[in-house]
Amino acid sequence: MTTSNPADYFMLPSDGDTDENQGGFFNLFYGTLFHPVKTFQKLQEVEPTGLQLFYGMIFILLVSGMAPVLTFVLKASADPLSLAFEIPLKAVFGLFVWFSIGSLLNMVAYAFTSHSRLRTFLTLSALSTLPWFFMGPLALLKIGLGGFGITLNVLAGLGIWLWSVVLFALALGVTYKLSAERVIIVLLMPFPFFSITLAWITGFFINVGQLLP
Numbered sequence: 010m011t012t013s014n015p016a017d018y019f020m021l022p023s024d025g026d027t028d029e030n031q032g033g034f035f036n037l038f039y040g041t042l043f044h045p046v047k048t049f050q051k052l053q054e055v056e057p058t059g060l061q062l063f064y065g066m067i068f069i070l071l072v073s074g075m076a077p078v079l080t081f082v083l084k085a086s087a088d089p090l091s092l093a094f095e096i097p098l099k100a101v102f103g104l105f106v107w108f109s110i111g112s113l114l115n116m117v118a119y120a121f122t123s124h125s126r127l128r129t130f131l132t133l134s135a136l137s138t139l140p141w142f143f144m145g146p147l148a149l150l151k152i153g154l155g156g157f158g159i160t161l162n163v164l165a166g167l168g169i170w171l172w173s174v175v176l177f178a179l180a181l182g183v184t185y186k187l188s189a190e191r192v193i194i195v196l197l198m199p200f201p202f203f204s205i206t207l208a209w210i211t212g213f214f215i216n217v218g219q220l221l222p
């Protein structure tokens with residue numbers, strides 16, 4: 010299914026177009042973490058529904074809002090009132106980065122494929138952020154393990170970051186049916202590559218920063 014109206018990307022499905030076609034909220038969560046290739050290919054074969062894109066937005070909101078919550082939990086000096094400001098700010102910024110990078114790479118990939126699959130790529134790229142959910146429970150190790158916990162969490166944070174990067178590259182390749190070489194070329198395009206690199210590095214150090222004393 011294709012669409013040319015930007016508003017259609019965010020329309021909820023009709024009665025005959027439910028998320029049962031490709032899996033519900035928890036199926037997408039589990040499938041992305043443990044069977045990413047199969048899950049992404051299934052979503053690519055039949056364009057994700059508006060509801061599944063909405064699930065992706067929820068994942069982005071949750072991941073983006075997690076950093077200030079971790080700061081509040083792990084740092085006694087954190088101001089609880091600041092959460093009312095920081096959580097919405099991080100959530101809105103996360104949505105902006107997600108949609109901006111998705112739109113840029115969709116345009117770059119169009120040059121190689123002559124196909125625009127923005128809804129599919131937005132959905133799959135949102136799913137590629139799911140490994141960051143593990144930062145929550147991992148961050149709690151800092152409380153009981155002291156200095157070793159900090160070292161462990163920094164290493165785990167790097168692993169989660171790399172996991173998310175691999176899933177993002179997989180999402181790009183599966184969505185547009187690109188070879189590994191073309192995925193690299195698309196990601197190395199100057200402006201999109203700068204945006205993605207900045208977002209990844211910023212996300213990595215923001216989350217690792219929550220683990221430091």
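As numbered in the working numbering, residues 10 to 222 make up the sequence shown, in order. The beta-carbon is built from N, C-alpha and C at its ideal position, and this holds for glycine as well.
query, result
"Does S123 pass the burial test, meaning 16 or more other C-beta atoms within 10 Å, or should it be called exposed?", "exposed"
"Return the chain-ordered list of same chain residues with a C-beta closer than 7 Å to the C-beta of V183, the five sequence neighbours on each side being excluded.", "F49, Q50, Q53 and L133"
"Quick check: I69 and G111, are their CB atoms within less than 8 Å of each other?", "no"
"Tell me the DSSP secondary structure of S13 in three-state form.", "Unreliable placement is indicated for S13, whose pLDDT of 42 sits below 50; no coordinate value is reported for it."
"Cα-Cα, which of W141, V192 and N115 is closest to F130?", "N115"
"Pick from L79, N36 and G74: whose alpha carbon is nearest that of Q61?", "N36"
"Could you tell me which whole alpha helix (DSSP H) segments of length 4 or greater appear in the stretch 118 to 187?", "127 to 136, 144 to 148 and 150 to 185"
"Is there contact between the stretch 161 to 180 and the stretch 135 to 143, where contact requires at least three CB pairs shorter than 8 Å?", "yes"
"Is the separation between the beta-carbon of F177 and that of S137 shorter than 8 Å?", "yes"
"With C-beta atoms as the reference, is A148 less than 8 Å away from L79?", "yes"
"Could you pull the start and end residues of the alpha helix (DSSP H) that G40 belongs to?", "F34 to F43"
"Would you please state the rounded distance, in angstroms, between the beta carbons of L187 and V195? I believe it to be under 8 Å.", "7 Å"
"Between which two residues does the alpha helix (DSSP H) containing L196 stretch?", "A189 to L197"
"Does the distance from the C-beta atom of V117 to that of M198 stay below 8 Å?", "yes"
"Give the DSSP-derived three-state secondary structure of E56 in the structure shown.", "coil"
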